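Residue numbers for the sequence shown follow my numbering, so the first one is 1 and each next one is one higher. We treat Cβ as the ideally placed atom computed from N, Cα and C, and that holds for glycine. The model shown is predicted, which means the values in this text are computed figures rather than measured ones. What follows is one structure encoded as structure tokens, with my remarks underneath.
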Amino acid sequence: MKRILLAICVIALSALSYGQDINQRAFTFAWLSDVHLNSFAYAEDDLRQSIEDINTNPDVDFTILSGDVTEFGDTKEFYLLQDILKDFRKPYFLIPGNHDVNWSENGCTMFDKIFQASHFCYDWQGVRFIGCGAGPSLRMGPPHIPREEILWLDSIVRATPAKQPIIFINHFPLNRDLSNWYEVIDILKTRNIQAVLGGHLHVNHAYDAEGIPAVLGRSSLRREDPIGGYNLVTFRGNTLEFQERIIKTETHPVWHTILLAPLQKKRDTTYYRPDFTINDKYPSVRESWKLKDVTDIASQGSIDGDLYVYTNTAGVVHALNVADGKTLWTYTTGNKIFSAPFITPRLVIISSCDGFIYALDRKQGTVRWRYNTNYPIVACPLVSEDIVYIGSSNGKFYSLKLADGTLNWTCDGLHGYIESRPAIDKERVYIGTWGAMFYAIDRKSGKRVWEFDTKRGRYFSPGACWSVALPYTQQGKKNEQVIVLSSDYFVRSFRPETGEILWASDEAKGRESLGFSPDGKTMYIKGIKNTITAVDISQGTYDSLWNTLMPYEGNFIPTRMETTGQLVFVPTEFGVLHAIRTDGSGIAWSHKISHSAITSLKNTGKGKLIVMTMDGTVTCLEYPVN
Numbered sequence: 001m002k003r004i005l006l007a008i009c010v011i012a013l014s015a016l017s018y019g020q021d022i023n024q025r026a027f028t029f030a031w032l033s034d035v036h037l038n039s040f041a042y043a044e045d046d047l048r049q050s051i052e053d054i055n056t057n058p059d060v061d062f063t064i065l066s067g068d069v070t071e072f073g074d075t076k077e078f079y080l081l082q083d084i085l086k087d088f089r090k091p092y093f094l095i096p097g098n099h100d101v102n103w104s105e106n107g108c109t110m111f112d113k114i115f116q117a118s119h120f121c122y123d124w125q126g127v128r129f130i131g132c133g134a135g136p137s138l139r140m141g142p143p144h145i146p147r148e149e150i151l152w153l154d155s156i157v158r159a160t161p162a163k164q165p166i167i168f169i170n171h172f173p174l175n176r177d178l179s180n181w182y183e184v185i186d187i188l189k190t191r192n193i194q195a196v197l198g199g200h201l202h203v204n205h206a207y208d209a210e211g212i213p214a215v216l217g218r219s220s221l222r223r224e225d226p227i228g229g230y231n232l233v234t235f236r237g238n239t240l241e242f243q244e245r246i247i248k249t250e251t252h253p254v255w256h257t258i259l260l261a262p263l264q265k266k267r268d269t270t271y272y273r274p275d276f277t278i279n280d281k282y283p284s285v286r287e288s289w290k291l292k293d294v295t296d297i298a299s300q301g302s303i304d305g306d307l308y309v310y311t312n313t314a315g316v317v318h319a320l321n322v323a324d325g326k327t328l329w330t331y332t333t334g335n336k337i338f339s340a341p342f343i344t345p346r347l348v349i350i351s352s353c354d355g356f357i358y359a360l361d362r363k364q365g366t367v368r369w370r371y372n373t374n375y376p377i378v379a380c381p382l383v384s385e386d387i388v389y390i391g392s393s394n395g396k397f398y399s400l401k402l403a404d405g406t407l408n409w410t411c412d413g414l415h416g417y418i419e420s421r422p423a424i425d426k427e428r429v430y431i432g433t434w435g436a437m438f439y440a441i442d443r444k445s446g447k448r449v450w451e452f453d454t455k456r457g458r459y460f461s462p463g464a465c466w467s468v469a470l471p472y473t474q475q476g477k478k479n480e481q482v483i484v485l486s487s488d489y490f491v492r493s494f495r496p497e498t499g500e501i502l503w504a505s506d507e508a509k510g511r512e513s514l515g516f517s518p519d520g521k522t523m524y525i526k527g528i529k530n531t532i533t534a535v536d537i538s539q540g541t542y543d544s545l546w547n548t549l550m551p552y553e554g555n556f557i558p559t560r561m562e563t564t565g566q567l568v569f570v571p572t573e574f575g576v577l578h579a580i581r582t583d584g585s586g587i588a589w590s591h592k593i594s595h596s597a598i599t600s601l602k603n604t605g606k607g608k609l610i611v612m613t614m615d616g617t618v619t620c621l622e623y624p625v626n
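Here you go:
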């Protein structure tokens, strides 16, 4: 059966009024999670067999798939999924998980294109089922529900009759591992929430979400078993029963039961809300202006003089006045944006998932030219000597004339999509991909000069780090090196002419996030756990200077660090910005902006820093300058 449009609430015929108990009619739905299509050879077979099994079960009324339906969120994976799901003879509803959005070469656009929306609302037998999407989109970081999904959820819950039972579905567990868990719970508790369903951990597990009964479901993958499985969920009387179904084999006894009853709202949960008291410790750091966007901000911003430009996942380019944060102009593209703008004296260059590279007038935001790549593009542009250099998601790297967008050359056949900004020197441009590759391309001809393969697969790629080309001096002779930090935790320095590795180290256990001193002699590596490492790279070698412990347990976000002569600004997963001293003596100050991952830092000079977070927060911090 064709899937019903998800962007609106679909009201099914019901014999029950909202004020009645649910026990007048039992019904069952199938619940699949973490399909991970294209992960293992058997993933597709497990899904197809699950559908066949569900189709032949007369007791199943519909099916819910709670995220991670694909492995990488690739276009080809979603088209394969669409083809497989056509075999359902009963209604089905699905939402994306982190694997569907984190490494998506189509910029998280294909899920909505094929399945209409990343959320659904469906009424059956008087019960309202609400599912919403997951993130973070195209960025490594803590689990996160996109801001646009939060606003949609709030609108749907507000429109739900007070007595109507609600079952909420999201890919992630509703706990403190989810950056905005508290927003979701506070919304759900305004109505008759009965249960929360999720996946992500690949196991059947019951837990408590601040008084709301909650359940995680197994993956449909077989793993070491002969065949995969899923859960059957039955409303029976005033209970919700969960049974594990082994595909075409057996249904296990009930492993968990939820008693459907009014939610006990007496429990005080304020202790578990985000804590901003760290800001009281450093009163000299203040927010001079702050704004909140209506969607996520996944990209880095750009600054030039009094102009700050950022983009959001609604596809809007925002130009702000640095001094007061007031909007100067906006421009809306045809789809989501994950690209960081590049500002020139007359233009702002940006790419969009609508497939276009745009040149916008710096003062007015009008389109001066645009170039169509015919495929969603998430890469960040670089402008050098009136040439725009930018990667793509379809194996191409482009060189365009800044003046009018005319194509100079295209370098084809690159493996993996590109999201980062390239590095450049006088002769070559350098770019990493999410195909575990790092390329050097001739600036004039567009020919590949050399390439490097991490040989560890897609998950371990130099795809997110903005590589840099820096000078060094060895035995009195000046040389160049190109540096990139991959998700395999190795930071590598290459000889620009040949691709020979000058040095490589995983000592700091960093992942994609680097910072460099203003003179380019010192590199700072943000470790994935709780360290910052300073390294002297001025002589073409890796010479560790110091390592300092940070007050957090983990930090996977790829956001670049900003530096001054005295401070290194360290972004974190839950919205705290730390300023540490460049001599390694510790933290100078800290400030919490929000409870979401910091996605951009831009130092304006004069003791000001513009910070953005994934949940749409943009703020200008003023800090003391010694």
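- Distance from residue 211 to residue 221 at the Cβ level is roughly 32 Å; contact not present, criterion being Cβ atoms closer than 8 Å.
- When only Cα atoms are considered, residue 396 and residue 255 end up about 51 Å apart.
- In the assembly as shown, residue 238 is an exposed residue. Its beta-carbon has fewer than 16 other beta-carbons within 10 Å.
- Taking the Cα of residue 411 as reference, the smallest distance to any Cα among 390, 421, 33, 257 is reached at 390.
- Between residue 111 and residue 91, the C-beta gap is not smaller than 7 Å, which leaves the two residues out of contact.
- Under the three-state reduction of DSSP, residue 322 is assigned to coil, being neither helix nor strand.
- For residue 385, no alpha helix (DSSP H) segment is defined, and its DSSP state is neither H nor E.
- DSSP places residue 604 in the strand class (E or B) of the three-state scheme.
- Judged by pairs of C-beta atoms under 8 Å, the region 151-171 touches the region 127-136, as three or more such pairs exist.
- When Cβ pairs closer than 8 Å are counted between the two stretches, the region 545-552 is seen not to touch the region 239-248, the count staying below three.
- In this structure, the CA atom of residue 350 is about 25 Å from the CA atom of residue 145.
- In the structure shown, residue 158 adopts helical secondary structure according to DSSP, grouped into three states.
- Three or more Cβ pairs closer than 8 Å define a contact, and the region 99-110 meets that threshold against the region 333-343.
- If only complete runs of 3 or more residues are kept, the region 141-223 shows the beta strand (DSSP E) at 166-169, 193-198, 205-209, 212-216, in order along the chain.
- With 16 or more other Cβ atoms inside 10 Å of its own Cβ, residue 173 counts as buried.
- Under the DSSP definition of a beta bridge, residue 327 partners with 320.
- Residue 40 has its alpha-carbon roughly 12 Å from the corresponding atom of residue 72.
- Under the DSSP assignment, residue 38 falls outside any beta strand (DSSP E); it carries neither an H nor an E label.
- DSSP, read as helix, strand or coil, puts residue 612 in strand.
- Per the DSSP secondary-structure output, residue 255 pairs with nothing in a beta bridge.
- Residue 54 carries a helical assignment under DSSP once its states are collapsed to helix, strand and coil.
- Residue environment for residue 54: buried (at least 16 other C-beta atoms within 10 angstroms of its C-beta).
- DSSP, read as helix, strand or coil, puts residue 279 in helix.
- By alpha-carbon distance to residue 465, the top candidate from 250, 434, 595 is 434.
- For residue 82, the enclosing alpha helix (DSSP H) has its first and last residue at 75-85.
- By the Cβ neighbour-count rule, residue 308 is buried, with 16 or more other Cβ atoms within 10 Å of its own.
- According to DSSP, residue pairing for residue 433 in a beta bridge does not occur.
- Taking a C-beta distance under 7 Å as the contact criterion, residue 34 and residue 68 qualify as a contact pair.
- Taking a C-beta distance under 7 Å as the contact criterion, residue 94 and residue 65 qualify as a contact pair.
- In the three-state reduction of the DSSP assignment, residue 114 falls in the helix class, which pools H, G and I.
- Residue 442 carries a strand assignment under DSSP once its states are collapsed to helix, strand and coil.
- The shortest CA-to-CA distance from residue 562 to any of 528, 556, 524, 584 is the one to 524.
- For residue 59, the CB contacts under 7 Å within the same chain, skipping 5 residues up- and downstream, are 28 in chain order.
- In the same chain as residue 554, and ignoring 5 residues on each side of it, the C-beta atoms closer than 8 Å to its own belong to 528, 529, 530, 573, in chain order.
- According to DSSP, residue 471 shares a beta bridge with 480.
- For residue 99, the enclosing alpha helix (DSSP H) covers residues 98-101.
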